[in-house]
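Participant:
Numbering (our numbering), first residue to last: 1459 to 1644.
(1) Specify the secondary structure class of residue 1505 as computed by DSSP and reduced to three states.
(2) Can you tell me the Cα-Cα spacing of residue 1547 and residue 1594, whole angstroms?
(3) Could you say which of 1631, 1498, 1632, 1600 lies nearest to residue 1582 if we only look at CA atoms?
(4) Please report the Cβ distance between residue 1561 and residue 1545, rounded to the nearest whole angstrom; I am assuming they are in contact, meaning their Cβ atoms lie under 8 Å.
(5) Could you tell me which uninterrupted alpha helix (DSSP H) segments, each at least 4 residues in length, are contained entirely in the region 1541 to 1596, listed from first to last along the chain?
(6) Taking just the CA atoms, how far does residue 1529 sit from residue 1605?
(7) Can you tell me which of the three DSSP states residue 1638 falls into?
(8) If you draw a straight line from the alpha carbon of residue 1614 to that of residue 1497, how long is it in whole angstroms?
(9) Please identify the residue among 1537, 1584, 1533, 1570 whose C-alpha is closest to the C-alpha of residue 1552.
(10) By the 10 Å Cβ neighbour count, where 16 or more other Cβ atoms means buried, how is residue 1527 classified, buried or exposed?
(11) Count the other CB atoms, across all protein chains shown, that sit within 10 Å of the CB of residue 1631; report buried if there are 16 or more and exposed otherwise.
(12) Determine whether the beta carbon atoms of residue 1543 and residue 1569 lie at a separation below 7 Å.
(13) In whole angstroms, what separates the C-alpha of residue 1626 from that of residue 1533?
(14) Write down the C-beta distance between residue 1608 and residue 1580 rounded to the nearest angstrom, noting that I regard them as a contact closer than 8 Å.
(15) What's the call for residue 1514, buried or exposed, on a 16-neighbour Cβ count within 10 Å?
(16) Whose CA, out of 1640, 1642, 1603, lies closest to the CA of residue 1629?
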């Protein structure tokens, strides 16, 4: 199907073009054609992001990274949009490894919070990738992994001969207490 045929086609699904110019039908994708003005394309992308909770004063790429929408990030980059170092931190928090890899290909760098965010939510593969890029493991990463009972994270960090703060056992006890409380009262 050509773009012209797609735009003439009368159906209930929105027509959108992926980055290769192929036509697909998908109701949650941006509805615009390659020839549309960038402002029109940005408008449709913004509408998609708003359905996911985006607010107008937020950075579009940072938010798309948070929700794992690599497709929208690629379109936004093509349209000249820029993200911040928070983009990688947001993606790490939610375990979006492919987003992190793509942003790094573009030259983005996260903050020291990236590993902390991944540890807090148990995203081991994200942590491994960030460590391979020489991101620093902080005491907070150990604390978050401990409080949230992510033993797999702690085992991995220990296998790298990394040690957390001296009072990590206190955080382990707190994490177990929180876990016990949640299991009893939820």
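Positions of the beta carbon are idealized from the N, C-alpha and C atoms, including for glycine.
Facilitator: According to the data block:
(1) In the three-state reduction of the DSSP assignment, residue 1505 falls in the helix class, which pools H, G and I.
(2) Rounded to the nearest whole angstrom, the C-alpha separation of residue 1547 and residue 1594 is 13 Å.
(3) Checking every option, the nearest Cα to that of residue 1582 belongs to 1600.
(4) Contact holds; Cβ gap of about 6 Å.
(5) As for any alpha helix (DSSP H) of minimum length 4 sitting wholly inside the region 1541 to 1596, the runs are 1544 to 1551, 1555 to 1563, 1571 to 1579, 1582 to 1590, ordered along the chain.
(6) When only Cα atoms are considered, residue 1605 and residue 1529 end up about 34 Å apart.
(7) Residue 1638 falls in the helix class under three-state DSSP.
(8) Straight through space, the alpha carbons of residue 1497 and residue 1614 are spaced by roughly 46 Å.
(9) Closest option to residue 1552, Cα to Cα, is 1584.
(10) Answer is buried; the Cβ neighbour count reaches 16.
(11) By the neighbour-count definition (other C-beta atoms within 10 Å, threshold 16), residue 1631 is an exposed residue.
(12) Against a cut-off of 7 Å, the Cβ pair of residue 1569 and residue 1543 comes out as a contact.
(13) Residue 1626 and residue 1533 have their C-alpha atoms roughly 43 Å apart.
(14) Residue 1608 to residue 1580, Cβ: 4 Å. Contact.
(15) So residue 1514 ends up on the exposed side.
(16) Taking only the C-alpha atoms, the option nearest residue 1629 is 1603.
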